[in-house]
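Listed in order, the protein sequences are those of chains A and B. For our numbering, count along the first sequence from 1 and bump the result up by 488. For our numbering, count along the second sequence from 1 and bump the result up by 73. Even for Gly, the Cβ is constructed at its ideal location relative to N, Cα and C. Here the structure is laid out as structure tokens; the discussion comes afterwards.
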Amino acid sequence: SYELHLLRHAVALTLHHDAITGTSQQHVANDFTRLLSEAMDTCSKKVSNLLSYLTPTWGSSRRSKNNQQFVTCHQMNVSQCRFLETQDAILLLVYNPLSVKTYHYVRLPAIALHYSIRDYNDEEVEYQLVPLPKAVINVPGRTSSAIQDLVFEAENIPPLGFTAYYITPVRDQLEENSYAKKHSVSNS
Amino acid sequence: EADMEVIPYITNEYLRVSVNKDTGFLESIQHVDGVKVQVSQNWYYYKQAQQTLQSGAYSFRPDSDRPTPVTEKVTYHAVRGSLVKEIRQRFSDWITQVIRLYRGEEFLEVEWVVGPVPLGTDLGKEVVSVFSTNITNSGEFSTDSNGRQMMRRSCWNDSTSHQQKKPVASCYYPVTSRICIHSLNTSVELCVLTDRAQGGTSYNEGEIELMVHRRLLTDDGFGLEESLNEEAHGAGLVVKGKHRILFGNFRQEVDDLTFSERVAHAARRWQMEPWLFFASGEKINRRKW
């Protein structure tokens with residue numbers, strides 16, 4: 489498909505030795521980044537389309553293509569994901585590209601102090617909320633209001649397959665306000 | 074509610090990680106099967122001075138063979154929970170780090186945030202993380218330059234008749250996924266896995282060094298005519314990344330796997346870690362789920 493061709497072209501271009509080693513002027517390095525980002529963005533729509541064939545239709549009873557839109561967050565390394573922070577309930581797919589079964593600790597920016605996480609067997613999953621280090625909260629350019637990470641273990645992810653979780657934050661505005669106030673005091 | 078205590082160690086089913094109570098530096102890692110390694114870790118930087126040949130995009134030319142430590146002690150506190158335990162260290166205004174153990178994982182994860190690198194009187198800094206251990210590796214270490222095959226490396230010129238040590242810049246090798254040292258007499262091997270390609274060496278006995286950030290005002294004269302001084306949001310670039318430490322007895326097999334096979338699996342599992350895709354859950358009714 490055209491989208492995949494764009495991504496192949498961008499990846500092939502960044503296999504040039506100047507891209508790999510950074511021996512290029514800043515504007516050239518920025519252009520490599522731009523090419524890759526645009527191609528990945530174009531491809532994510534394609535990936536979402538393919539994932540909707542893989543996932544059953546959750547809302548309607550008809551056996552048809554599920555028209556769920558799947559998104560990827562590229563700033564999880566600084567605990568930032570606008571989509572996650574604006575949803576009341578999240579469907580999370582954890583896709584395993586390895587040819588062997590694996591398990592993986594998922595870390596998501598948390599907006600609430602309590603969560604319900606259900607796996608594909610509809611069983612509650614144990615989680616832990618971990619306060620973010622100040623250095624992460626203060627990373628230049630970070631705009632997220634999350635001050636904790638939601639951590640849980642995705643187990644038994646099949647090879648070249650995925651497992652799914654249904655995540656709903658349990659909101660308690662009073663408790664959250666007092667936590668945020670206490671945390672900002674300790675921050676200062 | 075995470076409890077912020079100052080007990081200087083964290084443990085999981087496999088490892089017990091201790092920090093020095095006074096300096097706050099990493100001090101030792103003990104494996105449940107008995108293998109224990111003394112390992113200290115600190116952050117250093119190579120200064121860039123006015124000299125004929127200088128560091129730049131193509132080359133690494135520090136003004137001395139050994140870097141300057143960022144600090145002699147760190148402030149730290151612990152955060153503990155059922156799934157993940159952390160010791161958080163603050164080295165300076167521009168370097169902080171989290172030492173982390175996950176339940177059920179046999180590696181120690183070190184997550185660092187470095188930058189903006191301050192430009193003082195020098196012409197730039199090249200920042201390295203140095204792990205100092207009690208492993209007598211006789212100057213030998215190995216790195217993978219392609220994510221698959223481990224190559225033996227050494228900072229000693231084995232071509233000359235007498236043992237001559239190379240300058241550090243000649244002893245920096247590509248580390249695509251991991252760098253390892255091992256001791257023939259104690260059979261202990263320690264590997265540091267990287268989350269991206271870095272330059273690395275083992276310049277002193279028992280040491281592993283990885284370069285994670287460079288901020289330079291100099292140009293190396295190879296034609297780029299631009300120094301490595303990337304900025305973002307009006308300040309010097311801030312980099313964030315992880316190292317993972319695995320160690321063990323390299324002569325012992327576990328589940329029919331040698332230590333180096335287990336390290337290779339861990340590196341591949343990290344490099345090809347799962348991808349997360351999100352969709353709105355509001356249209357999914359509970360019964361259907």
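| query | result |
| --- | --- |
| Assuming S202 (chain B) and Q114 (chain B) make a contact with CB atoms under 8 angstroms, what is their CB distance in whole Å? | 7 angstroms |
| So with Cβ pairs under 8 angstroms, would you call A340 (chain B) a contact of chain A? | no |
| Can you give me the Cβ contacts of H306 (chain B) inside the same chain, cut-off strictly under 7 angstroms, excluding the 5 residues immediately before and after it? | none |
| Secondary structure at S353 (chain B), three-state DSSP: helix, strand or coil? | strand |
| Looking only at its own chain, which residues have a Cβ that is under 7 angstroms from the Cβ of S256 (chain B), when we skip the five neighbours before and after it? | I208, T209 and N210 |
| Going by the CB atoms, is the gap between I578 (chain A) and L351 (chain B) shorter than 8 angstroms? | Reading the sequence as shown, one finds Phe at residue 351 (chain B) and not Leu. Yes, these two residues count as a Cβ contact at 8 angstroms. |
| Going by other Cβ atoms of all chains shown within 10 Å of its Cβ, with 16 needed for buried, is S128 (chain B) buried or exposed? | buried |
| Please go through the stretch 190-218 of chain B and give each complete beta strand (DSSP E) segment of 3 or more residues, from N-terminal end onward. | 197-206 and 213-217 |
| Tell me where the beta strand (DSSP E) around E280 (chain B) begins and ends. | E280 to L289 |
| I'd like to know if F558 (chain A) contacts chain B, where contact means its C-beta is closer than 8 angstroms to some C-beta of that chain. | yes |
| Would you report the Cα separation of N358 (chain B) and P544 (chain A), rounded to the nearest angstrom? | 13 angstroms |
| Please go through the same chain and pick out, in chain order, the residues whose beta-carbon is closer than 7 angstroms to the beta-carbon of G97 (chain B), but skip the five residues on each side of it. | K146, V147, T148, Y149 and Q162 |
| Does any CB atom of chain A fall closer than 8 angstroms to the CB of T169 (chain B)? | yes |
| With DSSP as the reference, label D519 (chain A) as helix, strand or coil. | helix |
| Under 7 angstroms Cβ to Cβ from S300 (chain B), same chain only, skipping five residues before and after it: list those, please. | G129, L289, L290, T291 and D292 |
| Kindly list the residues whose CB is nearer than 6 angstroms to the CB of L581 (chain A), restricted to its own chain and excluding five residues on each side of it in sequence; keep chain order. | F650 and A652 |
| Can you have a look at V327 (chain B) and say buried or exposed, based on whether 16 or more other CB atoms are within 10 angstroms of its CB? | exposed |
| Could you compute how far the alpha carbon of G160 (chain B) sits from the alpha carbon of V171 (chain B)? | Reading the sequence as shown, one finds Ile at residue 160 (chain B) and not Gly. Between I160 (chain B) and V171 (chain B), the C-alpha separation is close to 6 angstroms. |
| Spell out whether any CB of chain B is found under 8 angstroms from the CB atom of C531 (chain A). | no |
| Closest to Y654 (chain A) by C-alpha separation, out of B:E298, B:K356 and B:E334, would be which residue? | B:K356 |
| Smallest Cα separation from K239 (chain B): which of B:S227, B:I254 and B:T249? | B:S227 |
| Check whether the Cβ of L349 (chain B) lies closer than 8 angstroms to any Cβ atom in chain A. | yes |
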